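Asker: Residue numbers (UniProt numbering): 1 to 1260. Built from N, CA and C at the ideal position, the CB exists for glycine as well. Owing to the predicted nature of the structure, the values given are computational and were not obtained by experimental measurement.
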Amino acid sequence: MRKTHITAEEEEESTSKNQRNYWLQDCVLSLSPTNDLMVIANEQKAVFLASKWKQSDKGKEEMQYAVGWSGCLSVEEGECVSSVLCIPLASQKRSSTGRPDWTCIVVGFTSGYVRFYTESGVLLLAQLLNEDPVLQLKCRTYEIPRHPGVTEQNEELSILYPAAIVTIDGFSLFQSLRACRNQVARAAASGNENVQPPPLAYKKWGLQDVDTIVDHASVGIMTLSPFDQMKTASNIGGYNAAIKNSPPAMSQYVTVGSNPFTGFFFALEGSSQPLLSHVALAVASKLTSALFHAASGWLGWKSKHEEEPVQKQKPKVEPATPLAVRFGIPDSRRHGEKICLSPCNTLAAVTDDFGRVILLDVTRGLAIRMWKGYRDAEVGWIQTVEDLHERETEKIDYSPFGNAHCPSRVAQFLVIYAPRRGILEVWSTQQGPRVGAFNVGKHCRLLYPGYKIMGLNNVTSQGWQPQTYQICLVDPVSGSVKTVHVPFHFALSDKKSERAKDMHLVKKLNALLKAKTSDLDLIEAEAKELILDIKYPATKKQALESILTSERVPLSSLTNITQTLMDNLEKQELECVDEGLLQFCANKLKLLHLYEIVSKLNSQSIQEDTMPSDNDLAKLLRLEEKDFHRLQTLLEKYKKENAQTAVQFADEKDDVLSVKMFLEYLECEKDAINVKNMEDNECVTLGSFFFWKCLCGESSTEEMCRALESAGFSPQILLSLLLNLWLSREKDILEKPDSTSCLHTMLSLLSKMKVAIDESWDTQSVSPWWQQMRTACIQSENNAAALLSAYVGHSVTAQIIDSVTEKKFSQIVVGSDTESWEALSLDAEYWKLLLKQLEDCLILQTLLHSKVSKKTIRVSSLQSEPLGRLSVKKLLEGGKGGIADTVAKWVFKQGFNPLILNLAQQRNNTDNTEESEEMHTNIFLEEPEIDEDLETILELLQLAYQQFPCSLEVDVLHAHCCWEYVVQWNKDPEEACFLIRSIDYLRCIINAHVQHGIALMMWNTFIVKRLSSATYLMDKVGKAPKDRLCRRDVGMSDTAMTAFLGCCSDLLQTLLEGKNAFFKDLTSIQLLPSGDMDPNVLSIRQQFLLKVVSAAVQMLCSQKAKEASEEELFPFEKARNWPTLAVDLAQYLQISEDVVKMHYVCELYSYGMDHLGEEAFLQVSDKEVLASQLLILAGQRLAFALLQIQTKEGMELFARLPPTLCTWLKAMDPQELQNVQVPIATTAKLVNRVIEHLPENHGQYSLALNLIEAVEAISS
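#1: Mind reading off the beta-carbon distance from L835 to Y791? Whole number of angstroms is fine, and I expect it under 8 Å.
#2: Are S251 and G220 closer than 8 Å when you measure CB to CB?
#3: Should F896 go down as buried or exposed, given a rule of 16 or more other Cβ atoms within 10 Å for buried?
#4: Please go through the same chain and pick out, in chain order, the residues whose beta-carbon is closer than 6 Å to the beta-carbon of S342, but skip the five residues on each side of it.
#5: Have a look at the DSSP bridge pairing and note the partners of M63.
#6: Do the CB positions of L684 and S739 come within less than 8 Å of each other?
#7: May I ask you to report which of helix, strand or coil DSSP gives L1162?
#8: Identify every run of the alpha helix (DSSP H) within the region 543 to 574, keeping only runs that are complete inside it and at least 4 residues long; order them along the chain.
#9: CA-CA distance, V372 and V577?
#10: Spatial neighbours of D1050 within its chain, please: C-beta separation below 6 Å, excluding the five flanking residues on both sides.
#11: Does the Cβ of V317 have 16 or more other Cβ atoms within 10 Å, making it buried, or fewer, making it exposed?
#12: Which residues in the same chain have their Cβ closer than 8 Å to the Cβ of N1241, if we skip the five residues on either side of it in sequence?
#13: From the DSSP output, read off the bridge partner residues of I1176.
#14: I'd like to check one pair, Q1218 with Y1151: are the Cβ atoms closer than 8 Å?
#15: Residue range of the alpha helix (DSSP H) that N681 falls in?
#16: If E1168 and L1238 are in contact, beta carbons under 8 Å, what's the gap, nearest whole angstrom?
#17: Give me whichever residues DSSP pairs with E669 in a beta bridge.
#18: By alpha-carbon positions, which one of S605, I717, T564 ends up nearest to C585?
#19: Exposed or buried, Y1016, counting other C-beta atoms within 10 Å across all chains shown (16 or more means buried)?
#20: Span of the beta strand (DSSP E) holding Q845?
#21: If you compare alpha carbons, which of P973, K203, Q779, T1005 is closest to S860?
#22: To the nearest angstrom, how far is it from the Cα of E636 to the Cα of Q947?
#23: Measuring CB to CB, does A959 end up less than 8 Å from I900?
#24: Is the separation between the beta-carbon of P33 and that of Y469 shorter than 8 Å?
#25: Under 7 Å Cβ to Cβ from R981, same chain only, skipping five residues before and after it: list those, please.
#26: Could you check if P145 is buried or exposed, using at least 16 other CB atoms within 10 Å of its CB as the buried criterion?
#27: Touch check for the region 1015 to 1035 and the region 932 to 942: three-plus C-beta pairs under 8 Å?
#28: Which runs of the alpha helix (DSSP H) spanning at least 4 residues fall entirely within the region 729 to 815, listed in chain order?
#29: Using the Cα positions of L1071 and L1055, report the straight-line distance between them to the nearest angstrom.
#30: Determine the closest residue to L862 out of C977, L1205, L29, R115, with distance taken between C-alpha atoms.
#31: Ordered along the chain, which non-local residues of its own chain (more than five positions away) have a Cβ less than 6 Å from that of D671?
#32: Just to confirm the assignment, what range does the alpha helix (DSSP H) spanning residue 1264 have?
#33: Relative to the C-alpha of H216, which candidate in C139, E155, V1097 has its C-alpha closest?
#34: What does the alpha-carbon distance come out to for the pair V813 and I800?
#35: In this structure, does DSSP put R1233 in helix, strand or coil?
#36: How far does the beta strand (DSSP E) with T212 in it reach, from first residue to last?
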């Protein structure tokens, strides 16, 4: 049984646990045959559950059902859901793989309506075919006939009413549903399209001569045999009845209820014409408004006509064609409850109120079997097809089912769920025994759809492989759906079921292997007897696999059992022997013998030779003494630093591998042995079993290589296993210096095997053999082991090249000078390149492993994350900046300041140590905790600088460190120290262009958005914002924001490099003044300064500012004169100072502060221009006094003014003034000052004179 979890909404809690579990019994339930949709309905409400693949708590992928739609389905008042079907519809595309295009939900209601919905709950169409409640919905889909004698059945949907049955043609329904669904899509897109789908073709039969009907089964079209035709005609019409030449086709219906208990109805084809129903399309002309109304309901508001529904007119209901019961099973006391038709349409299971399950032969109308004690039972069917390929082929077989060309046999199983006992039983029909029983819950529901995918026919169904289930059990307690599968051989009788007997022997064998007995000889003897008694080759193979995977059976017994089976097969005649099983036994025997040989070699320890000296190893690796000591130094540093981060596990036996795992890892193919696709740790385990004792010098390397080669291993596979082992056991290898010489010996022997190195290989081409080894070293993250193996590979390559060269030049005349010649090869050059790369990687990895101990300093969680290990492949893929980026990540993890990097660079560049000592002292004073490990860090940094002079150039490294710190700060803005350190590294960049570019990237990527948010927040609050507001708007605390703003100031200072860049794009690089400026830039600067002056005057003149202290007035800068500052900035920004001063005077007069304006007036140079501006301001004041107030005296005075002055005053806008409540005497002073500074030839001089007269008239 397979299990699928359900994720559904929780039901209302109840006081009783049983009541909570019974909720599913009160619901109407349906699950699509394709397992992709489930519907649960109760009264008016329903939930549509869609299947999704998700990971369970145990990490396994499983199907879960989640709510896709839920809501109320009832439309008519008082109607409830009475029946539901989920019908998957086939896709019309040729590329379909067997999955349905979509699933239609068919819902029957107590009002008589049948409605069709999509998976998302959209109503497609509704039909009222009868006004009585819908009792049951059932569906039949197309099935390919098993043989020509079976009548091909049409697809249909049958609807049962209390006294009628309606059958809708499947093809008509399929076309209508497709048209309605397309209409929904078009209307949702356009909103006004109306396409009328084809009408539904259906038949309606009025069932007569029956008291009550509760369930039905539509058997389909049947044709009587001539004898049955004559018998039926005689029973109906007597001995004078006329008989037609061809037997008529009839549709058979079987009902259950009372009087009769079971009724059989036959409707002659052609006796009633199909009715055509105009589809009550729910989404036709009013689809747009319907969707709009539904959306408005979701949004919480409705239109007026929704609140007052209009009385709907029910559609016309066609009358039913009378259909009398032909015969039945009379039983006045028995009342039928459910009927379930078998997949072959010949049997049906019926449940009644007496707790019986009755098996009916629907063709003959007879009850052929009865089960008792199944009250409230639910039934279903399983049909299983025989698999002919599993049957053993016998030499002489006269059975018609033994021929592989005959059709497969089909078995029918009846499934009965007894909720009272909480048991699920499987029975073989018709008279077979019970073949299975499962203990399940008492509150489950058994679902048997009885159909598959609608829309197929004899053409489109060819090649389809629909993934459908036959029967399932829904358990509301565990929230799971379980499907039942029954093997075919359970239907066979005990006398003929060789397969059943074989399965029994397999079960007996498995029980024997699990038995708690210490007599292994007895287990071996019984296992031999059992496996020889099994008939089917596939079952024999299964039994042998069970024995070979048992961990209790020793190697000798495994070998004896396999050998016995193989001998038995070889004794049989060749035609009767299964070649696959024979080859399987031979392969397993071969692997068992190999396991025995390897185990024996590992157990025979040899006498260890003396450990090779340093000189011996240097000669073996073809290294000079100086180079060898340098290699030793690098490995010692690597081992020391690597020991700090390495995780150590408990020691395990390296050469121990169980027979079970050995057989699982390897497979035989003809004469060769291959390794299956395995995980890396499994490859290491297998390699350890073969080679670890040899690498430790405890086993004979020559004998092991000889044994593996003779077994059929290719040298390439052995090389892969050897390298996986070597590269994964780095820690142990570094502790065993002699393992390098053992590896040299092993590699030399593997290279001498056949097909290891191609015979056509010469020194000017690349050998795939050595390329395989180099690839493994390039990809390895264990750099020390990779470097040692590369030295060994280089040495063996040179050794082979020397021997090849010696053979080639053996014919050279004696006496020629050949000793000074050096054999060159392409592989040797590749080895030298790889050695350099691996050495670089080793040095860098050693640096990354090094760390300082900071016991008293708090470390961020971002800094505690471990760094990834390096390999040559990763460094090459990282590009030019990859090395600097890796070192920058290490710098961040250690929290170093730039002084440490600069000190290491200083020591690397100069021999003078005075400056270095001073920097060392500064570092110690700043971070005294790291002094213990500082020398080691500085040495490794110097080594890295020497190895990577370009990649770790000072500016490049500082730039990467700067960027790394700001990236990490962006992940956690609370760590303000990261941003501060980032700017420290930014200032250390010497190249101005690089510094400007990095600063600009920081600003645009990380700073500008947060700074804008902080600025808006402070402007809105008007004071230092609280912590909650800072976290909400800026994403950091108030303390972190304070530090952030300080860093922004430092970053901008670095970015600007002079005020000449003010109001220019940050991408522009302008380090020096450049003379003439862009007018657009000057205009923007001038607007900014004028806004500063306006804001200062506004704050100065407000009533709150008059009462506030100077510190409250300017919270950011105490005692700051902003207008004076704006004038000072103007000369730096190439803005006219007089423009700023004149704007300041005009703003003072606009706010009515004439006494301050008079003082500021004196500082303006161009007083003529200022006087013309103030003249307009005076006119605005006079216009307000005469026109806005509109007093009688004012209007009379306005009428006496000159026409020119009146027109000019009307054009004035007093709303531009900030303060209009200014005494007229003050305005008169303003006009007099204007007259003083306007020359007589000025265009506005006469206007000013008229203005003086008007002001004097008003004031008098």
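Answerer: If we stick to the structure as given:
#1: 7 Å
#2: yes
#3: buried
#4: W381, Q412
#5: W53
#6: The displayed chain sequence assigns Val, not Leu, to residue 684. No, Cβ-Cβ distance for V684 and S739 is not below 8 Å.
#7: coil
#8: 555 to 571
#9: The identity of residue 372 in the sequence shown is Lys, whereas the question assumes Val. Approximately 48 Å between the Cα atoms of the pair.
#10: I983
#11: exposed
#12: none
#13: Paired residue(s): none; I1176 is not in a bridge.
#14: yes
#15: 680 to 695
#16: 7 Å
#17: A672
#18: T564
#19: exposed
#20: Run containing Q845: none in the beta strand (DSSP E); it sits in the alpha helix (DSSP H), 826 to 849.
#21: P973
#22: 18 Å
#23: no
#24: yes
#25: N897, Y965
#26: exposed
#27: no
#28: 730 to 735, 739 to 751, 768 to 779, 783 to 808
#29: Confidence is the limiting factor: at L1071 the pLDDT is only 44, short of 50, which leaves the residue's position unreliable and the question unanswerable from this model.
#30: C977
#31: G712
#32: Only positions 1 to 1260 of the chain appear in the structure, and residue 1264 is not among them; the question remains open.
#33: C139
#34: The pLDDT assigned to V813 is 45, lower than 50, so where the model puts this residue is not dependable; a value taken from the coordinates is nonetheless given after this. So the alpha carbons of these two residues sit roughly 23 Å apart.
#35: helix
#36: 212 to 223
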